[in-house]
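Asker: Structure below; questions to follow.
Spelled out as structure tokens, the structure:
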């Protein structure tokens, strides 16, 4: 359960203050599927980053599963990111020197999971995303769709309840983009919250609940759940 | 995160960029290698000099008549007349338990002649114990026989140079030579030893001390060579010599005793200072290597910004990023130090092969110190880049592609 109350975020660009978010209220219940759309600079990515605890709001309160996430320190926030949130990025952000399997395993290693357990979960994840035969390849030997599958496997290997996707298909062709979206929607069907930022209205319409951002505010929310 | 995984991650990160890693390792290896090798050279020089000195004879003390004041200060009000050292003085020294051997030395110059050939030479009068004290060795025959030192027999031992000048290639053993008008039978020839303590050992003839005193018509000794019972007995021996001679000279302190150890210690100090200086100079190259590591890690941090952002996104707290980057520079410097040690070992091996007489030795402390310092250098110079990595804002780091 995600609850944002009066979230504001201001960036200093030169001497000018840019209000990326202004008094945003948003509640997302477990298992929801949201798409966040809007023109560039409307604050969609900033919103996603704040939900993902990658960025800190200047004002307002963010409660995640009834915990005040804005009040946590660096280590606690890192733990929340590790266990509750999975990120999928437009540019995949795979570590180039590591193989696909090693990239997927990375969160488990950082979390200090036992090697035996790691191996088990790794093979499950690779199997589930159909990239088991690509496990030993490096990112530059993989196609875009395969790379994003590796990234999704990495995002889900810690079994988080929330998947945050920032333009997950932005760098993919139509076919593999649809594949990736299918995978993400499957994750949502398993009960995970899926929040996807996109500027493609066609993709955005696939979400059960659509949010339109305008100038740092929520312009419209199709499933306003008050 | 498990320590093993931290190390493995750092190792993979290092091998992921082979060119920069190799260059860093090279710099580190040269730095550490230089420190070890140069200290080894210094240590080698010290041992070389020490060895040369011990070849003069071990635990040697030299008693010289007269007082040589080296402390400065005003001259004594009452004139001191140094007494001569006599053979009896020398023999009296044997009473001390700290003294193992005593060799009185009387010296003079006289012509040595055999048949028609004659030559001026230094004549040294001494006893059988001279042989062991100066660690002499014989080429032919034997040294002066042991016996009552106050009775002079008519035998002599020749230096190798005199022998070849008087006798050529024929054997002198059993022949009679004239030294200063007296006849002496040649019983031995000394092996070539070269110069020691300013006396050319090839250019002298050694006769019993009593004979020398008779020959030069004197009862005094040039000096007394004393061998102490051991290295730790040297100070005791020195005290005993001064005491015994003072007692025999009616309480007058008119003797100078030089110890070989004092000389050696001075050289020891000089060479230790030299080793430290040279090691210090080499340490500069180690510092340069450290700065290079810092430089490389800085570049690494900016190259891997997105990776750092990603690590944060998938749940690395600041402290973990710090640990990862620190351990990477630690791994780099550790491997570099190891290569440096190998480099130094190869260097000393080569040096020993080409200059076997010069004992280049790696002191164990230099080995440990250089490795530890190498590792510390890596860690210290790794702190800044690691902190920079840890402080990156994930959003900013991930915005790059």
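Protein chains in written order, with my numbering: chain F, 1030 to 1255; chain R, 31 to 431. Just so you know, even glycine gets a beta-carbon here, dropped at the ideal spot from N, CA and C.
#1: Do you know whose CA, among R:142, R:244, R:31, lies nearest residue 1140 of chain F's CA?
#2: Alpha carbon to alpha carbon, how far is residue 1145 of chain F from residue 1134 of chain F?
#3: Sort F:1050, F:1219, F:1035, F:1044 by Cα distance to residue 1244 of chain F and report the nearest one.
#4: Would you mind working out which of R:54, R:242, R:314 sits nearest residue 155 of chain R, comparing C-alpha positions?
#5: Which stretch, first to last residue, makes up the alpha helix (DSSP H) that contains residue 1098 of chain F?
#6: With three or more C-beta pairs closer than 8 Å as the rule, is the stretch 1046-1061 of chain F touching the stretch 1237-1252 of chain F?
#7: By a C-beta neighbour count over all protein chains shown, 10 Å radius and 16 as the cutoff for buried, is residue 1132 of chain F buried or exposed?
#8: Between residue 1225 of chain F and the rest of its own chain, which residues show a CB-CB distance below 6 Å, the 5 nearest in sequence each way excluded?
#9: For the stretch 321-349 of chain R, enumerate the residues whose C-beta is nearer than 8 Å to any C-beta of chain F, in chain order.
#10: Name the residue from R:387, R:397, R:341 whose alpha carbon lies nearest to the alpha carbon of residue 1110 of chain F.
#11: Are there 16 or more other CB atoms within 10 angstroms of the CB of residue 1041 of chain F, so buried, or fewer, so exposed?
#12: Should the stretch 1069-1087 of chain F be regarded as contacting the stretch 316-328 of chain R, the criterion being three or more beta carbon pairs within less than 8 Å?
#13: Residues of chain F with CB closer than 7 Å to the CB of residue 421 of chain R, please, in chain order.
#14: Let me know if residue 388 of chain R comes out buried or exposed under the rule of 16 or more other beta-carbons within 10 Å of its beta-carbon.
#15: Within 10 angstroms of the Cβ of residue 1091 of chain F, are there 16 or more other Cβ atoms? Answer buried if so, exposed if not.
#16: Quick one: does residue 431 of chain R have its CB under 8 Å from some CB of chain F?
#17: Which stretch, first to last residue, makes up the alpha helix (DSSP H) that contains residue 1216 of chain F?
#18: In angstroms, rounded to a whole number, what distance separates the CA positions of residue 310 of chain R and residue 65 of chain R?
#19: So with CB distances below 9 Å, who are the chain R contacts of residue 1122 of chain F?
#20: For the stretch 262-278 of chain R and the stretch 287-294 of chain R, state whether three or more C-beta atom pairs, one from each stretch, are separated by less than 8 Å.
#21: Of all the residues that make up the stretch 1134-1152 of chain F, which are near chain R by a beta-carbon distance shorter than 7 Å?
#22: I'd like to check one pair, residue 179 of chain R with residue 240 of chain R: are the Cβ atoms closer than 8 Å?
#23: Would you mind sorting residue 337 of chain R into buried or exposed? The rule is 16 or more other CB atoms within 10 Å of its CB.
#24: Alpha carbon to alpha carbon, how far is residue 1043 of chain F from residue 1255 of chain F? Give it in angstroms, no decimals.
#25: Please specify which runs of the alpha helix (DSSP H), each continuous and at least 4 residues long, are wholly inside the stretch 224-271 of chain R, giving them in chain order.
#26: What residue range does the alpha helix (DSSP H) around residue 402 of chain R cover?
#27: Tell me the DSSP bridge mates of residue 134 of chain R?
#28: Got a sec? Which residues, its chain only, sit under 7 Å from residue 1175 of chain F by beta carbon, not counting five neighbours each side?
#29: Excluding the 5 residues preceding and the 5 following residue 37 of chain R in the sequence, name in chain order all residues of the same chain whose CB lies nearer than 8 Å to its CB.
#30: How long is the line joining the alpha carbons of residue 1112 of chain F and residue 1186 of chain F, rounded to whole angstroms?
#31: Which residues in the same chain as residue 1098 of chain F place their Cβ atom closer than 8 Å to its Cβ, once the five residues preceding and following it in sequence are excluded?
#32: Can you tell which of R:344, R:279, R:166 has its C-alpha closest to the C-alpha of residue 116 of chain R?
#33: Mind checking who residue 143 of chain R pairs with in its DSSP beta bridge?
#34: Is the separation between the beta-carbon of residue 391 of chain R and that of residue 73 of chain R shorter than 8 Å?
#35: Could you name the residues that DSSP lists as bridge partners for residue 95 of chain R?
#36: Out of curiosity, what's the CA-to-CA distance linking residue 221 of chain R and residue 297 of chain R?
Answerer: Quick look at the numbers:
#1: Checking every option, the nearest Cα to that of residue 1140 of chain F belongs to R:31.
#2: Straight across, the Cα-Cα distance linking residue 1145 of chain F with residue 1134 of chain F is about 12 Å.
#3: Selection F:1050, F:1219, F:1035, F:1044 evaluated against residue 1244 of chain F yields F:1050 as nearest (Cα-Cα).
#4: Of R:54, R:242, R:314, the residue nearest in Cα terms is R:242.
#5: Neither: residue 1098 of chain F is in no alpha helix (DSSP H) and is coded neither H nor E.
#6: Yes, the stretch 1237-1252 of chain F is in contact with the stretch 1046-1061 of chain F.
#7: Looking at its Cβ environment, which holds 16 or more other Cβ atoms inside 10 Å, residue 1132 of chain F is buried.
#8: Spatial neighbours of residue 1225 of chain F in its own chain (CB-CB distance under 6 Å, excluding positions within 5 residues in sequence) are listed in chain order as 1064, 1194.
#9: From the stretch 321-349 of chain R, only 336, 337, 339, 340, 341, 342, 343, 344, 345, 346, 347, 348, 349 have a Cβ closer than 8 Å to chain F.
#10: Out of R:387, R:397, R:341, R:341 has the C-alpha closest to the C-alpha of residue 1110 of chain F.
#11: With fewer than 16 Cβ atoms within 10 Å of its Cβ, residue 1041 of chain F is classed as exposed.
#12: Taking 8 Å as the limit for Cβ pairs, the verdict is that the stretch 316-328 of chain R does not touch the stretch 1069-1087 of chain F.
#13: Against chain F, a Cβ distance below 7 Å from residue 421 of chain R picks out nothing, because the smallest value is about 10 Å.
#14: The residue in question, residue 388 of chain R, is exposed, as its Cβ has fewer than 16 Cβ neighbours within 10 Å.
#15: Taking a 10 Å sphere around the C-beta of residue 1091 of chain F, we find 16 or more other C-beta atoms and assign the residue as buried.
#16: Annotation note: pLDDT 48 at residue 431 of chain R (below 50); position unreliable, coordinate value reported separately. Residue 431 of chain R counts as touching chain F.
#17: Its alpha helix (DSSP H) spans residues 1203-1218.
#18: Computed Cα separation, rounded: 8 Å.
#19: In chain order: 336, 337, 339, 340, 343, 428, 431.
#20: Verdict: yes, contact present.
#21: Within the stretch 1134-1152 of chain F, the qualifying residues are 1135, 1136, 1138, 1139, 1140, 1141.
#22: Closer than 8 Å, so yes.
#23: Buried: at least 16 other Cβ atoms inside 10 Å.
#24: Reliability of the predicted coordinates at residue 1255 of chain F is poor, the pLDDT of 42 falling under 50, and no value is obtained from them.
#25: DSSP runs (the alpha helix (DSSP H)) wholly in the stretch 224-271 of chain R: 239-246.
#26: If you look at residue 402 of chain R, you'll find it in the alpha helix (DSSP H) that goes 394-421.
#27: Bridge partners of residue 134 of chain R: R:254.
#28: So the qualifying residues of the chain are 1160, 1163.
#29: 357, 361.
#30: Taking C-alpha positions only, residue 1112 of chain F is separated from residue 1186 of chain F by approximately 10 Å.
#31: Closer than 8 Å at the Cβ level, and outside the excluded window around residue 1098 of chain F, lie 1082, 1091, 1092, 1106, 1109.
#32: Selection R:344, R:279, R:166 evaluated against residue 116 of chain R yields R:279 as nearest (Cα-Cα).
#33: Residue 143 of chain R is bridged by DSSP to R:148, R:208.
#34: In this structure, residue 73 of chain R lies closer than 8 Å to residue 391 of chain R by Cβ.
#35: The partner list for residue 95 of chain R (beta bridge, DSSP) reads R:285.
#36: Linking residue 221 of chain R to residue 297 of chain R through their CA atoms gives a straight-line distance of about 28 Å.
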